[in-house]
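Let me begin by presenting the structure, written as structure tokens, before commenting on it.
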Amino acid sequence: SSDVCSSDLGWLEGFEVGARIGMGELYEPLTGLTIGGNATLIDSQVQVAQEDLDRFELAGVTADLSKRDMTGAPNYLYNVYATVGLEDTGTNIGLFYTAQGETLLSGAGINGNFDFIPSIYAKPVGTLNFTVTQRLFENFQVFFKAKNLTNPDIRTVYRSPSGSYEATRSTYTSGIDLSLGITASFDF
408 SSDVCSSDLG WLEGFEVGAR IGMGELYEPL TGLTIGGNAT LIDSQVQVAQ EDLDRFELAG
468 VTADLSKRDM TGAPNYLYNV YATVGLEDTG TNIGLFYTAQ GETLLSGAGI NGNFDFIPSI
528 YAKPVGTLNF TVTQRLFENF QVFFKAKNLT NPDIRTVYRS PSGSYEATRS TYTSGIDLSL
588 GITASFDF
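If you number the sequence shown the way our numbering does, the last residue is 595 and the count never jumps.
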């Protein structure tokens with residue numbers, strides 16, 4: 408474990424573009440099918456607190472660690488999806504894929520023994536989700552959701568200050584999440 412101070416100076420900026428189209432507008436038998444996607448590119452930076460810089464110096468770290476990525480901000484998010492909504496039967500089906508870019512989990516720090524702990528990043532990962540809902544009666548629906556169908560390896564790495572070297576910290580899967588239920592809604 409390492410101690411890291413929060414910084415008051417930082418910025419996050421990004422750009423997002425997305426599109427969706429109802430396929431029935433192009434070919435009437437495909438009414439109810441929608442295809443879409445979006446892409447978000449994110450750039451962030453945090454000025455490392457002087458207290459942390461002083462600790463790095465005391466521990467003999469010579470690399471410039473005055474700036475780092477913002478914790479929890481991936482460098483990109485890409486989403487693509489297809490949904491089908493059949494009004495006559497009350498059926499809705501969706502398939503959603505998300506790709507998340509590298510994400511800083513923890514900035515570099517110094518532990519209690521003055522050992523340097525490099526920054527920890529999550530490597531890019533993609534997930535696939537599926538949902539289906541079916542109207543049973545006027546106010547009741549049954550649903551099935553399957554999250555993380557690809558169950559990919561999630562890999563975290565320690566990264567050297569220069570970014571030229573990485574060492575695997577952990578590799579794991581988060582499992583597939585399945586849920587089935589009934590919902591009811593009433594207007595008052």
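Glycine included, every Cβ here is placed at the ideal spot set by N, Cα and C.
{"Check": "CA nearest to the CA of I517, picked from Y485, L511, A529 and L472", "Outcome": "L472"}
{"Check": "Residue of V532, N536 and I527 minimising C-alpha distance to R566", "Outcome": "I527"}
{"Check": "Beta-bridge pairing of F595 - partner residues as DSSP gives them", "Outcome": "Per DSSP, none; premise fails for F595."}
{"Check": "Within 8 angstroms, strictly: CB atoms of G514 and R576", "Outcome": "no"}
{"Check": "Start and end residues, alpha helix (DSSP H) containing E464", "Outcome": "Q457 to L465"}
{"Check": "Residues that I583 bridges to, as DSSP identifies them", "Outcome": "Beta-bridge pairing links I583 to no other residue."}
{"Check": "Inter-residue spacing [alpha-carbon to alpha-carbon] between E423 and N482", "Outcome": "12 angstroms"}
{"Check": "Proximity below 8 angstroms, CB of P531 to CB of A506", "Outcome": "yes"}
{"Check": "Cα-Cα separation between T538 and F547, rounded to whole angstroms", "Outcome": "16 angstroms"}
{"Check": "Buried/exposed call for L511, threshold 16 Cβ in 10 Å", "Outcome": "buried"}
{"Check": "Three-state class that DSSP yields for L512 in the structure shown", "Outcome": "strand"}
{"Check": "Nearest-angstrom Cα separation, counted from F550 out to G533", "Outcome": "24 angstroms"}
{"Check": "Secondary structure of G431, DSSP reduced to three states", "Outcome": "helix"}
{"Check": "Close beta carbons around R462, own chain, < 6 angstroms, minus the five adjacent residues each side", "Outcome": "I517"}
{"Check": "Backbone secondary structure at L437 - three-state DSSP", "Outcome": "helix"}
{"Check": "CA nearest to the CA of M477, picked from L465, I449 and L502", "Outcome": "I449"}
{"Check": "Option nearest I442 by Cα separation, candidates Q452, Y579 and I500", "Outcome": "I500"}
{"Check": "Cβ-based burial, A426 [other Cβ within 10 Å; buried from 16]", "Outcome": "exposed"}
{"Check": "Pair within 8 angstroms by beta-carbon distance, L535 and A480", "Outcome": "no"}
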